[in-house]
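Novice: Residue numbers in the sequence shown follow UniProt numbering, run continuously in steps of one, and reach 223 at the last position.
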Amino acid sequence: MKILIVEDEPELKDTVQKFLESEHFIVEHAENYRSGLEKIISYDYDCILLDIMLPDGSGIDLLKEIKRLHKKDPVIILSAKDSVDDKVSGLEIGADDYLAKPFHLAELMARIKSVIRRNHQDGENIIQYKNISIDPENRKVMVGNEELILNRKEYDLLYYFIIHPEKTLQKTTLAEAIWGDYIDQADSLDFIYSQIKNLRKKLKSQHAEADFQAVYGIGYKFV
Ligand code: CA
């Protein structure tokens with residue numbers, strides 16, 4: 001899961017970033033309106049944490065851009081101003097949630113998880129596809145009645161496929177979602193193939209009823 005923090009206060013950004021990374025999120029950062037807009041146009045995020053008072057613009061305007069571009073990325077507004085106005089206009093424009101600063105990291109985590117659950121998991125705690133089930137809260141995967149032990153990237157990859165079942169996912173989309181925004185500058189995306197190969201082997205050995213299908217020249221599909 002990849003999160004974008006649009007925030008100009010370095011200390012707050014660092015604290016949130018460190019915390020989210022310790023919770024296994026990929027964290028990207030923009031420190032102003034301009035770079036936030038660039039990121040939003042170029043990439044997709046599982047959640048955007050959006051500050052309102054940016055040095056060169058307003059987070060509210062950035063939220064308007066997200067909506068104008070018909071992007072689905074969920075947004076949680078982080079506002080220093082204890083302003084009812086920000087909250088109301090943010091939610092009216094389509095922010096998913098609002099958190100006033102200062103906030104507790106545990107509260108932020110709960111809000112992020114709830115947004116992701118609504119957005120990716122139809123509000124469910126357990127995601128199921130064929131005989132595979134994932135409990136994202138505990139990063140636990142079951143095939144039938146047996147637990148499937150995966151490393152971090154294998155888990156992230158499987159989760160991403162399971163929340164997009166039977167859809168062709170481009171290699172770059174997978175790479176960006178799981179390794180981060182700058183992966184598009186990598187020389188080759190062959191590492192995805194080797195991760196999928198390992199994952200496929202593990203799924204097969206536990207008799208999973210789903211498998212990866214290579215879509216020539218594009219990417220992969222989980223069916
Ligand atoms: Ca600010």
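All residues carry an ideal CB built from backbone N, CA and C; glycine is no exception.
On the three-state DSSP scale, how would you describe residue 24?
Specialist: Residue 24: coil per DSSP, three-state reduction.
Novice: Which full runs of the beta strand (DSSP E) of 3+ residues lie inside the UniProt domain "Response regulatory" (2-116), going along the chain?
Specialist: Fully enclosed beta strand (DSSP E) runs of 3 or longer: 2-6, 26-30, 47-51, 75-79 and 97-100.
Novice: Nearest-angstrom Cα distance between residue 142 and residue 113?
Specialist: Distance between the alpha carbons of residue 142 and residue 113: 21 Å.
Novice: How would you call residue 212, buried or exposed, if buried means at least 16 neighbouring beta carbons within 10 angstroms?
Specialist: Looking at its Cβ environment, which holds 16 or more other Cβ atoms inside 10 Å, residue 212 is buried.
Novice: For residue 29, which residues from the same chain have a beta carbon less than 7 Å from its beta carbon, with the 5 sequence-adjacent residues on both sides left out?
Specialist: Correct list, in chain order: 5, 13 and 17.
Novice: Helix, strand or coil: how does DSSP classify residue 148 here?
Specialist: Strand at residue 148.
Novice: Is any non-hydrogen atom of ligand 1 found closer than 7 Å to the C-beta of residue 54, if you look at the structure I gave you?
Specialist: Checking every heavy atom of ligand 1 against the Cβ of residue 54, one is found closer than 7 Å.
Novice: Suppose you measure from the CA of residue 217 to the CA of residue 40; what does that come to, to the nearest Å?
Specialist: One C-alpha to the other measures close to 26 Å.
Novice: Do you know how far the Cα of residue 15 is from the Cα of residue 106?
Specialist: Each residue's alpha carbon lies about 12 Å from the other.
Novice: Can you give me the Cβ contacts of residue 9 inside the same chain, cut-off strictly under 8 Å, excluding the 5 residues immediately before and after it?
Specialist: Within the same chain, residue 9 has close Cβ partners 51.
Novice: Just to confirm, are residue 134 and residue 162 a CB contact at a threshold of 8 Å?
Specialist: Yes. Within cutoff.
Novice: Run the CB neighbour count on residue 120, radius 10 Å, all protein chains shown included, and call it buried at 16 or more, exposed below.
Specialist: Buried, by the Cβ-count rule.
Novice: For residue 167, which of helix, strand or coil comes out of DSSP?
Specialist: DSSP places residue 167 in coil when its eight states are reduced to three.
Novice: Are the CB atoms of residue 199 and residue 157 within a distance shorter than 8 Å?
Specialist: In this structure, residue 199 lies closer than 8 Å to residue 157 by Cβ.
Novice: Is the stretch 91-105 touching the stretch 123-131, taking contact as three or more C-beta pairs under 8 Å?
Specialist: No: the two stretches stay apart, fewer than three of their Cβ pairs being nearer than 8 Å.
Novice: Could you tell me the distance, in whole angstroms, from the CA atom of residue 208 to the CA atom of residue 189?
Specialist: Distance between the alpha carbons of residue 208 and residue 189 is about 26 Å.
Novice: Return yes when at least one heavy atom of ligand 1 lies under 7 Å from the C-beta of residue 30, else no.
Specialist: Answer for residue 30: no, Cβ out of range of ligand 1.
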